[in-house]
Amino acid sequence: MEERANILIIDDEKVIIDSIAKIVDLEGYSYDYALDFQSALEKIFSNYYNLIICDIMLPARDGFQILYELESKRIETPVIITTGYSTIENAVKSLYLGAIDYIPKPFSIDEMISVIKRGMRYSEMICQKKKNKNNLLLVPCPAKYYRLGYSCWMNKEHDGSVILGATDFFIKTIEPILNIELMNVTDTLAQAMPSVKFSTKDGLAHQMFAAISGKIIARNEKLIGNSELIEKDPYFEGWIYKIIPSELEYEMKQLIPCSSDR
Amino acid sequence: MLRKIGLKLILAVSITAILIIGVYSYFNIKSQSEVLLAEVERHANQLIETVKNSTRYAMLLNQREHTLEIINTIGKDPAIKDIRILNKEGEIIYSPRKEDIGKMLDIQAQSCYACHAENKPLEKLAIKERTRIFREHPDSSRILGIVNPIYNEQSCYEADCHAHPKNVKVLGVLDVTISLKEVEKQIYKNEIREAVFTIIAITSIGFIIGFFVKRWVDRPVKELVKATEQVASGNLNFKISELGNDELGSLAKSFNNMTKKLDETSQQLYQSTKMASLGQLAAGVAHEINNPLTGVLTYSSFLLKRAKDNPQLQEDLSVIVRETIRSREIVKGLLDFARQSTPKKSLIDINEIINRAIAVVNNQLKINRISLQKNFDLELPKITADANQIQQVFLNLFMNSIDAIGFNGGTLKVKTAQIDLSPKGITQIKNALCPKTHNLIDQENKIGGMPSIRLKIKSNCNEGFVYLDPVYGKSRHFGGFSIDRNTAHNISCPTCNVSLIDKNEKCPKCGGAIYKIQVPEQGFIEGCASFKDDWQRWKFIDSLGEKKFVEIEISDSGCGIPQENIYKIFEPFFSTKGQRGTGLGLSIVWGIIDNHKGTISVESEVGKGTTFTIRLPQEESTDNI
């Protein structure tokens, strides 16, 4: 056993903890777990974890409360929210409250590994930042953009359409991209549902959410076979979809303005 | 005994008939008898005058045998009981009965009474007073007696016999008595006839009235009573058969209408509560199942990874993984149903949404040889709704129609229209201010899931709060303490205590005080401040008139839904499609329409087809107000 655990798993069901633990083991990380809100908080406050994987439905208080606590204590540990009550509302709310990712139950091993990898990478970046005492090595999102959680952004065009893309955060937390799998024009996107699949060098597939719902009217064909574009310039040249939003005003409320990041 | 309205009516009519016919018959018999008697009297008078004239000559000649002969002959007539001539002293001079001749009559006798009643003999007797009706014995038939005085004349006292002196005025009296036996018989016969007629008339009136009362009142009333009993016992499908066009007929019609409405409402209510609880259940179940599924999926995937060198095992394990993932999709469907999400609303054009849904199923329509008939109201206003959800509704309904029609071809009709419905009971009060513009809306105390209006109430020594139902006209208010409905209350703003009572107006229902609350830009809400009744008025909303709805009708010529299934179709997991369906489609439709504050109803006939009618509010007043 290592001195300290990398990952804290919070869930009220042992079988879930065991399942996640197996995956965590597989990737060579160590873990700790908590079965309820109170013991989870104690562990968070007394230890340092790289990553927290937290269920929403906990006895007494829910996973959102964990996010509130972390925010109020200014603890930067990234949190991945997982839940069996896998609604879009829960996903959106988790991301709005500061979770770096959201993964509905039941998840496959590969899905979980991708999410954990991204989280661990982000954790490393935070460590580096602390060591170097400088800012995160991330290109911030342009001020007029809005983002859903940390991974995807949207920008309103003058003609009423909306451009979607991946944040530098997302790109930096995954290995070099080998392939980008896009949805087709005229397909419909739903907020907080997978919209793009990035296959990376380490053999993983990463799903990126759509920031808002709508019908795809164009996609950035340049990205196909030229994935460096998105790595170089994720906010302008590396845009992904152009869509006609279906519930723009409603869904914008769930997004975080990028101007608040500065 | 008189518990039946029919019997009461028959009794009332019969009593009236008995009274009227009885009184009429009585007077009829009386007048008939009088006429008969008068006729007999006139006849008797005529007779006696004739007798007097016939004997006159014989008397003047003093031919006593001759006179007696005439009297005898007349006396033989059976109708004439007695005929006699008396002299001034009361001695019977002529009579057909020989033994009577020479007898003296008592002055009190019936024949003398008319003139000698007051001791002093009258010399003249009016014709009317000459007759009298009497009985010889109490049980014998009546007799008509008639007297005719024989006056002294010149020819009498100048006759050769010198039997009468000149100074005597009345010489004697002709007295005839006639039996009234025949007349009485006649009168009796009349009475009997009249009585029989009366009885027949009354009985027939009774029967006729009875017949019609039974037909027009009894039977319909019985039918109505039966119907109310049925409805009271919970059978809302009971229908009264046609009862004609009168008031009872229209009562029956409106009764049928009422039970139909009641049935629909209770079904909606039933559905509503059931859906809500089922939604929660489904969400709970989904959550519970997702956790064990996570275990199964992870562990089986692990085994799959570890079984790389055993293809046989790998194959089996991949089935487990595949089926677990399938279970995951089923649960996802459950959660879609359970999602009580706030619809993501924007202004949408229903016609366009329907067209989008049609575009999705168009190929399917062609394959199944279904002809589509669109009857769109092109003026249809845009409504605030969740485009995706509404499209889902149409898609589900279209897919059901296509399945119902099958591969033998048919028609699918889609119709859109605008309709108006009354605003009371559906409009939510979203803003309420006191005169000093303090907000009265209370987010913590909700009525029917909506924030209530909190007012301070003071009655007697008690002080507390009353929470008004935010739905205009619904009046499901509740008080923080029990409100005495018979005393005057002071109602005020909980923040600044300024009174909300409008002193210039009275409650039109109970005459008590009313409260008046300002709704920004939408006038005032007024209501009964004693809470004795549910009077409420919102002139602004009333003036807007009926609320507008968009109505969408989707009819197919498919196989139809059997009556026993019609209320089950919106229930989750109810499916007739067997393996092909999850039984969630229509319950999702129902949930979406309910979320949009709309209604959905269905009419269907097996073998003929099914029609779904959806009504969506044109402006979601509860959101805009």
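Each protein sequence line maps, in turn, to chains P and D. Going by my numbering, the first residue of the first sequence is number 145, and it counts up by one from there. Going by my numbering, the first residue of the second sequence is number 347, and it counts up by one from there. Just so you know, even glycine gets a beta-carbon here, dropped at the ideal spot from N, CA and C. Source: prediction; values computed, not measured.
Return the first residue and the last residue of the beta strand (DSSP E) that residue i is part of.
i	result
D/Glu-477	The question names Glu, but residue 477 of chain D is Thr in the sequence shown. Per DSSP, D/Thr-477 belongs to the beta strand (DSSP E) from 477–480.
P/Glu-391	Careful: P/Glu-391 lies outside any beta strand (DSSP E) and carries neither H nor E.
D/Ala-778	That residue, D/Ala-778, is in no beta strand (DSSP E); it is neither H nor E in DSSP.
D/Ala-763	756–767
D/Asp-940	Run containing D/Asp-940: none in the beta strand (DSSP E); it sits in the alpha helix (DSSP H), 931–941.
D/Leu-718	716–721
State the start and end residues of the unbroken alpha helix (DSSP H) segment that holds residue i.
i	result
D/Thr-549	527–559
D/Val-706	696–713
P/Lys-273	253–276
D/Tyr-372	351–406
D/Thr-730	Element bounds for D/Thr-730: not the alpha helix (DSSP H) but the beta strand (DSSP E), 729–731.
D/Glu-415	410–421
D/Gln-576	565–578
P/Ala-362	That residue, P/Ala-362, is in no alpha helix (DSSP H); its beta strand (DSSP E) goes 358–363.
Is it buried or exposed for residue i, if we count other Cβ within 10 angstroms and need 16 for buried?
i	result
D/Cys-842	exposed
D/Pro-424	exposed
D/Ala-875	buried
D/Gln-882	buried
D/Thr-688	Summary for D/Thr-688: the model assigns pLDDT 48, below 50, so the residue's position carries little reliability; its value from the coordinates is reported in the next sentence. With fewer than 16 other Cβ atoms within 10 Å, it is exposed.
D/Ile-971	Caution is warranted here: a pLDDT of 34 is assigned to D/Ile-971, below 50, making its placement in the model unreliable, and no coordinate value can be reported.
D/His-483	exposed
D/Glu-790	exposed
D/Gly-755	exposed
D/Arg-388	exposed
D/Ala-541	exposed
P/Met-298	buried
P/Asn-150	buried
P/Met-352	buried
D/Leu-414	buried
D/Gly-904	buried
P/Lys-261	buried
D/Asn-734	buried
D/Lys-855	exposed
D/Asp-732	buried
P/Val-236	buried
Using a threshold of 8 Å, state whether the C-beta atoms of residue i and residue j are closer than that.
i	j	result
D/Thr-477	D/Ile-496	no
D/Ala-778	D/Val-844	no
D/Val-677	D/Asn-636	yes
P/Val-329	P/Ile-361	yes
D/Phe-811	D/Arg-800	yes
D/Ile-837	D/Ile-793	no
P/Cys-402	P/Cys-285	yes
D/Leu-743	D/Phe-916	no
P/Ser-343	D/Tyr-645	no
P/Asp-156	P/Leu-179	yes
P/Asp-254	P/Leu-348	yes
P/Ser-390	P/Ser-357	yes
D/Gly-552	D/Ser-360	yes
Can you tell me which residues form a DSSP beta bridge with residue i?
i	result
P/Asp-176	P/Leu-152
D/Glu-872	D/Lys-862, D/Arg-883
D/Glu-437	D/Met-450
P/Phe-342	P/Ile-324, P/His-350
P/Cys-198	P/Ile-154, P/Ile-225
P/Trp-421	Coverage of chain P is limited to positions 145 through 406, which leaves residue 421 of chain P absent and any answer about it impossible.
D/Asn-494	D/Leu-520
D/Gly-955	D/Glu-951
D/Val-811	Here residue 811 of chain D is Phe; the residue named in the question, Val, does not match the sequence. Paired residue(s): D/Lys-802.
D/Asn-836	D/Lys-804
D/Ala-628	Answer is none; D/Ala-628 lacks a bridge partner.
D/Val-896	D/Gln-764, D/Leu-962
Cβ of residue i within 7 Å of any heavy atom in the ligand SAH?
i	result
P/Ala-165	Here there are no bound small molecules, and the ligand SAH is not part of this structure.
For a cutoff of 8 Å on Cβ pairs, would you count residue i as touching chain B?
i	result
P/Ile-257	Structure shown: chain B not included; protein chains present are P and D.
Is the region 559–571 of chain D in contact with the region 504–522 of chain D, if contact means three or more CB pairs nearer than 8 Å?
Segments in contact, no.
Taking three-plus beta-carbon pairs below 8 Å as touching, is the region 698–717 of chain D in contact with the region 753–765 of chain D?
Yes: at least three Cβ pairs fall under 8 Å.
Sufficient close CB pairs (3 or more, under 8 Å) joining the region 372–390 of chain P to the region 309–321 of chain P:
Verdict: yes, contact present.
Are the region 220–230 of chain P and the region 191–204 of chain P touching, with three or more C-beta to C-beta distances below 8 Å?
Between the region 220–230 of chain P and the region 191–204 of chain P, the count of Cβ pairs shorter than 8 Å is three or higher; the stretches touch.
Evaluate the contact criterion for the region 578–591 of chain D versus the region 362–376 of chain D: three or more CB pairs, one atom per stretch, below 8 Å.
Output reads no: the region 362–376 of chain D does not touch the region 578–591 of chain D.
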